[in-house]
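Report on one structure; see the data block that follows.
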Amino acid sequence: MLAASACSHSAGGAARSARQMAARPPASNPKHTQTPASQVDCTKAKCVALTFDDGPGEYTGKLLDDLREAGAHATFFMLGENVKGHEVLLKRMVAEGHELGNHSWSHPQLTSLSSGAVRSQVRRTSHVIEAASGVRPTLFRPPYGATDKRVGHAVGMPEILWSVDTLDWEYRNVARNVRVGTHEPKVGGIVLFHDIHKTSVEAIPRVLRGLKKRGFTFATVSQVLQGTKLKPGHTYLENVPVKAHKPKPKPATTAPNGTPPAAPSGAPSAPSGTPSAPATTPPASPSMPPTPSLSPSVTP
Ligand SMILES: [Zn+2]
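Just so you know, we're using UniProt numbering here: the sequence shown kicks off at 1 and counts up by one.
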């Protein structure tokens with residue numbers, strides 16, 4: 001199934017698209033190249049990308065400590081409105097080899113905004129992230145995974161969803177986060193967590209140990225997707241190539257608009273590559289049908 005939910009703020013289903021394959025991601029930032037990033041070759045290593053949304057926040061520093069201790073790199077999809085006051089954390093992310101991504105300014109459901117409003121959400125956020133860290137984000141994650149062709153065009157960056165939705169924002173349970181985060185990821189997967197929840201951050205040391213035991217190397221999203229040509233407005237769930245962008249017809253069912261938490265509805269989780277990945281998805285509300293990962297294209 002496809003990713004649908006997400007984010008701590010509940011979720012609505014959303015449209016999705018598909019992925020594609022090809023050659024190499026565009027660019028990264030000329031100014032800073034996240035250091036270690038370039039040292040991982042996911043065409044050879046068994047890579048997985050841990051991603052943390054909705055921050056930065058009060059637990060992000062502890063998370064960075066744990067990632068550093070494990071020698072792990074991750075990707076942070078941040079909200080522009082949360083950057084102020086946390087500039088030091090962003091600089092640290094860059095210095096320690098993490099990838100900084102854009103998750104909108106205030107977490108609205110973009111499919112319900114005008115294209116101009118979508119562009120504003122994206123631009124303002126990229127601006128504050130770059131101002132704080134020196135690095136301009138090249139990847140975007142739509143709140144709730146809600147996007148469609150129009151939104152993708154307005155965003156103007158590759159949209160990164162996920163193949164494993166831990167539903168950490170919904171359950172807020174450390175043991176569950178550890179179990180799901182350790183056992184569901186597959187090679188080339190993109191795992192969704194939220195660093196604004198204490199229970200999520202507390203689970204990470206054990207998730208890192210468990211995944212290491214399974215032989216995984218922790219890479220950034222760009223590293224995991226290396227070899228895939230990332231196109232603006234297209235959506236990617238993991239490193240399995242897919243087809244072109246197809247807007248999803250169904251609307252999000254539960255979708256909250258930028259509102260926070262609330263509903264659990266969220267997610268249809270997403271294991272794209274993981275057709276079987278069930279557990280994670282409880283109440284799925286989304287309207288999206290499952291999508292086999294390798295499957296051809298489109299996502300719901
Ligand atoms: Zn989010």
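By construction, the Cβ of each residue, glycine as well, lies at the ideal position given by its N, Cα and C atoms.
| query | Bridge partners of PHE140, per DSSP? | reply | ASN102, GLU159
| Out of curiosity, what's the CA-to-CA distance linking HIS194 and TRP169? | 7 Å
| field | Of the residues PRO205, SER104, PHE218, the one placed nearest residue 302, counting alpha carbons only | value | Shown here, the chain extends from 1 to 300; a query on residue 302 therefore has no answer.
| query | What do you reckon, are the CB atoms on GLY181 and LYS46 nearer than 7 Å? | reply | no
| Whose C-beta lies closer than 7 Å to the C-beta of ASN257 among residues of the same chain, with five residues either side of it excluded? | Below a pLDDT of 50, predicted positions are generally treated as unreliable, and ASN257, at 38, falls in that range; no measurement from the model is reported.
| message | So for PRO25, helix, strand or coil by DSSP? | response | Legend: pLDDT at PRO25 = 37, less than 50; position of this residue unreliable, no value from coordinates given.
| said: Which same chain residues end up closer than 7 Å to HIS127 when comparing Cβ atoms and leaving out the 5 residues on each side of it in sequence? | reply: none
| message | Among PRO232, ASP53, ASN239, whose alpha-carbon lies nearest the alpha-carbon of SER200? | response | ASP53
| request: Kindly indicate which residue of LEU208, SER163, PRO158 has the alpha-carbon position closest to the one of GLU238. | output: SER163
| request: Under 8 Å by Cβ, that's how I've got VAL48 and PRO185 pegged, so tell me the actual separation to the nearest angstrom. | output: 5 Å
| Burial state of SER114, where buried means 16 or more other Cβ atoms lie within 10 Å | exposed
| message | Using only CA atoms, which one of GLY61, HIS234, ASN82 lies nearest to ARG124? | response | ASN82
| request: Identify which residue in LYS229, LYS198, ASN102 has its Cα closest to the Cα of ARG136. | output: ASN102
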